[in-house]
Every structure is written in C-alpha cells, then in structure tokens.
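Heads up, the final residue of the sequence shown is numbered 229 in the working numbering, and it's a clean run with no missing numbers.
Don't be surprised by glycine CBs; every beta carbon is placed ideally from N, CA and C.
Predicted model only: the values in this text are computed from it and were never measured.
Structure, as structure tokens:
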Amino acid sequence: MTYRRYGFFLISDNWNEKSLNDLRFKTAPEFLLDLQTTEKTIKQFDVVDGIIICQPDKVQQVMKMFKDIFCNEFTAIPYPDVEEALSFAKPAKFIQANALEMSKSDQVLSQIINQIPKDITINAMMFQAESNRYFTFDEFQVISDTIDNMDVKDEHIFYSTKVVDKSKYCWMSMIYMVL
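Right, dumping it as structure tokens:
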C-alpha cells in the first residue's frame, strides 16, 4: 500500500531485489518500507529504505501512523528532516500501549517507554496518541519532557495527536529508529 510518499510491503519468500525494484517503479514512493511481522528477514537491498518490526495485527496501525503524521494537509515538515530520520540502517520498532481512562495517560506513556531497551541510542521517533479528549498542557508537557530526556534531535521527533469518539480511551504508539 502507498500513501503518497510511503510504500509498504510485507516480507515473504517471493521478494527479491528485482521484484522490489519493480514495486518501487510501479508505485513510485519516495520511501519503500518493509513491514516485518515474522522472524523472516530480508537482506537490506539498496531499494529498501527501511524495515519496521511490528506484530501482524498492527500493520494497518503502522501505515495509518505514517499517514496521520506525514500525509495530511496541515503537515509542514521539511523534507530533509523526514529523509534523514527515515534513513535508518537497523530495523525500527513499533510499540504501543493503552488505558481505559485519559487520566492514566502518564501510565500509558510509561508503558511505552518501558518497552524501549535501555542500552540503545534512538536516532528518530514517531509518536502518536489518540484519546477521547485533548491533552491538557500539563499532560502534553509530561510527554514532551519524557521524549526530550531521550536525547533525540528535535527535528527527528514527529508527533500526532487525535481526539476520537470513544469514551474513556487513551492509546499511544511509537516507532523508534536506532543508530
């Protein structure tokens, strides 16, 4: 599937460098990303811009995250920042957490952060939150401060927050890319 600049494919036995080149030519994305949902890996062909590890039932969420963060009319992210952030050599990882109440957003954030290994250096991250109401300034400050403490360059952090029509709902996800 392709969202303007981003093409996604799932790894399988029948992918090879030629078929990926054909896919890139046919869909013409600026970034071609492998969504790895199994232990099966792909050699880093030159045609693949990156690999994102996620569970099979999270593929749609990963693609939606790219669409929400990078592919809307209100996004004004400089292309070089996106290109540099998405030029990752090691596989990126999709993680998520949720709670039944927005008042527990700090717990959800802690669940997200606790999934990140302590011995890595994060180069870039995408952060998305959905809830039944807007975050207060204090709630968003906790999120911002937590992410700032991870020493990721500001231009490599991409946020998206959305209010959804679900009562007592708070969901957060992150894709992080390591050096």
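Rounded straight-line distance, which links the Cα of residue j to that of residue i
i      : j      : result
PRO141 : LYS216 : 33 Å
LYS117 : ASP169 : 30 Å
ARG55  : GLU80  : 5 Å
ILE101 : VAL202 : 20 Å
THR88  : PHE59  : 13 Å
ARG74  : VAL97  : 8 Å
ASN199 : ALA139 : 23 Å
ASP72  : GLU133 : 22 Å
THR77  : GLY57  : 7 Å
TRP65  : ASP188 : 47 Å
MET115 : ILE92  : 23 Å
Boundaries of the beta strand (DSSP E) in which residue i is found, first to last residue
i      : result
ALA149 : 142-149
ALA179 : 172-181
ILE61  : Segment: none, ILE61 is in no beta strand (DSSP E) and carries neither H nor E.
ILE92  : Segment: none, ILE92 is in no beta strand (DSSP E) and carries neither H nor E.
Residue i, DSSP secondary structure in three states
i      : result
MET113 : helix
THR52  : Any reading at THR52 is ruled out, since the residue's pLDDT is 46, under 50, leaving its predicted position unreliable.
ASP188 : helix
GLN86  : strand
TYR226 : strand
SER210 : strand
ILE193 : helix
ILE119 : helix
Cβ shell of residue i (< 6 Å), same chain only, five flanking positions each side left out
i      : result
PHE208 : ILE119, MET176
VAL109 : LEU85
ALA179 : THR211, MET222
HIS206 : ALA135, ALA174
LYS90  : ILE61
Other residues of its chain near residue i: CB distance less than 8 Å, five sequence neighbours each side excluded
i      : result
ASN148 : VAL158, TYR219, CYS220, TRP221, MET222
TYR184 : THR211, VAL213
ASP99  : PHE81, LEU82, LEU83, LEU136, SER137
GLN146 : LYS108, GLN111, ILE162, TRP221, MET222, SER223, MET224
LEU70  : PHE59, LEU82, PHE95, VAL97, VAL98
ASP131 : GLU205, HIS206
Other residues of its chain near residue i: CB distance less than 7 Å, five sequence neighbours each side excluded
i      : result
ASP156 : VAL192
TYR226 : ALA142, LYS143, ILE166, ILE172, MET175
LYS154 : CYS220
ASN164 : none
N-terminal and C-terminal residue of the alpha helix (DSSP H) that residue i is part of
i      : result
LYS76  : 67-77
SER160 : 155-164
ASP131 : 129-135
The ligand FAD heavy atom lying under 7 Å from the CB of residue i
i     : result
ASN64 : As presented, the structure is devoid of all ligands, the ligand FAD included, so that no description of it is given.
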